[in-house]
Amino acid sequence: MLNDPLISIEINDESEFALFELHGGILAPNSAALSEARVSDFLLGATRVKKQYETLVQMKDAGASSAWLLVSAYYCAFFACIEISKLFNRMSFGLDSDDIESLKSKASGSQYVSFFEKNHSNFVGFERAGKLVFRAIGSKPHVAAWDNGLYSLKQIFSSKGWPEVNQCIAILESADHSPSKIRNVWNYKRSDYYGASGEQLALEFKKLVGNLDGSGKWLARNVSQIGALDPCIIPALCEPLAAAVINASHRAGNLLKQAAV
32 MLNDPLISIE INDESEFALF ELHGGILAPN SAALSEARVS DFLLGATRVK
82 KQYETLVQMK DAGASSAWLL VSAYYCAFFA CIEISKLFNR MSFGLDSDDI
132 ESLKSKASGS QYVSFFEKNH SNFVGFERAG KLVFRAIGSK PHVAAWDNGL
182 YSLKQIFSSK GWPEVNQCIA ILESADHSPS KIRNVWNYKR SDYYGASGEQ
232 LALEFKKLVG NLDGSGKWLA RNVSQIGALD PCIIPALCEP LAAAVINASH
282 RAGNLLKQAA V
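In this note's numbering, the protein residues as written are 32 to 292.
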């Protein structure tokens with residue numbers, strides 16, 4: 032989007048910027064350039080999810096410690112959450128220094144100077160009135176991604192009554208079951224979890240890694256009795272979210288191939 036000459040960028044708020052396509056100086060509804068960019072972005076993100084999942088399974092097969100598996104599975108679920116949210120008009124991303132420079136060179140608008148003085152780097156985007164609007168979210172991209180994932184799951188499944196999905200929703204609504212909190216404990220607060228104590232806690236967790244069917248059964252079996260910071264929460268989210276994104280990317284790829292014929 033930053034490099035497409037058909038897409039314009041405007042900054043009229045110190046905390047957000049907007050992308051849009053103009054035809055003859057008039058805002059283009061249902062912009063082809065933005066749609067193509069969004070599809071490309073999703074397919075690239077889905078590739079990241081697939082690679083992360085493949086790496087996770089390879090790590091398990093190679094005998095990696097449970098703590099490293101948990102961190103890898105967390106990021107797989109996190110990436111998948113980002114991609115699922117894109118399908119429901121919630122786009123989470125960060126800009127590195129090179130991206131910021133590209134944004135500076137392309138953008139214009141009344142709040143250009145004040146926007147860049149804030150040193151924003153993390154954003155959530157949504158479609159509004161024919162434009163893609165990206166609002167700064169400070170230093171909490173993980174919180175935003177999980178919140179967007181929760182929103183998306185509710186949009187898809189709120190009326191279906193599926194126990195496993197309702198359990199995923201309940202997990203994401205609970206502070207005691209926060210995937211970010213679990214990752215932080217294992218990765219930062221408890222170095223002993225990289226040793227024998229972590230392996231003892233992760234006996235069931237390891238059975239769920241790379242096991243989509245098992246993760247679904249675990250969710251159904253633990254509808255009201257998941258313990259606080261249970262490590263099994265991570266693969267129970269990772270397995271269905273990653274599978275959904277990978278499946279969606281295959282379907283999208285096939286549709287694009289058919290359209291090109």
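Glycine is no exception: its CB is placed at the ideal position from the N, C-alpha and C atoms.
A quick note: this is a predicted structure, and the numbers were derived from the prediction, not measured.
Proximity test, Cβ basis, 7 angstroms: residue i and chain B
i     : result
Gly94 : Checking the listed chains, one finds no chain B in this structure; it contains a single protein chain.
Cα-Cα separation, residue i to residue j
i      : j      : result
Asn242 : Glu270 : 7 angstroms
Thr78  : Lys220 : 31 angstroms
Val240 : His173 : 21 angstroms
Gln186 : Ile264 : 21 angstroms
Ala93  : Thr86  : 10 angstroms
Asp261 : Tyr224 : 13 angstroms
Ile131 : Ile42  : 13 angstroms
Ser136 : Lys162 : 20 angstroms
Asn34  : Ala160 : 22 angstroms
Leu181 : Ala290 : 32 angstroms
Phe157 : His54  : 21 angstroms
Beta-carbon proximity list for residue i, same chain, < 6 angstroms, skipping 5 on both sides
i      : result
Lys248 : none
Gly76  : Glu114
Ala273 : Val80, Tyr84, Cys107, Ala111
Buried or exposed by the 16-neighbour rule on C-beta atoms within 10 Å, applied to residue i
i      : result
Val177 : Position check: residue 177 holds Trp in this sequence, whereas Val was assumed. Buried: at least 16 other Cβ atoms inside 10 Å.
Ser139 : exposed
Asn61  : exposed
His281 : exposed
Gly56  : exposed
His208 : buried
Gly258 : exposed
Lys191 : exposed
Nonlocal neighbours in the same chain, by C-beta distance under 8 angstroms from residue i, ignoring five residues either side
i      : result
Gly125 : Ser152, Asn153, Phe154, Pro172
Val102 : Arg214, Trp217, Asn218
Own chain, CB closer than 7 angstroms to residue i, minus 5 neighbours either side, in chain order
i      : result
Pro210 : Tyr105, Ala108, Trp177, Ile264, Ile265, Leu268
Lys81  : Ile277
Contact check, residue i vs residue j, beta carbons under 7 angstroms
i      : j      : result
Ala167 : Ser46  : yes
Ala59  : Val164 : no
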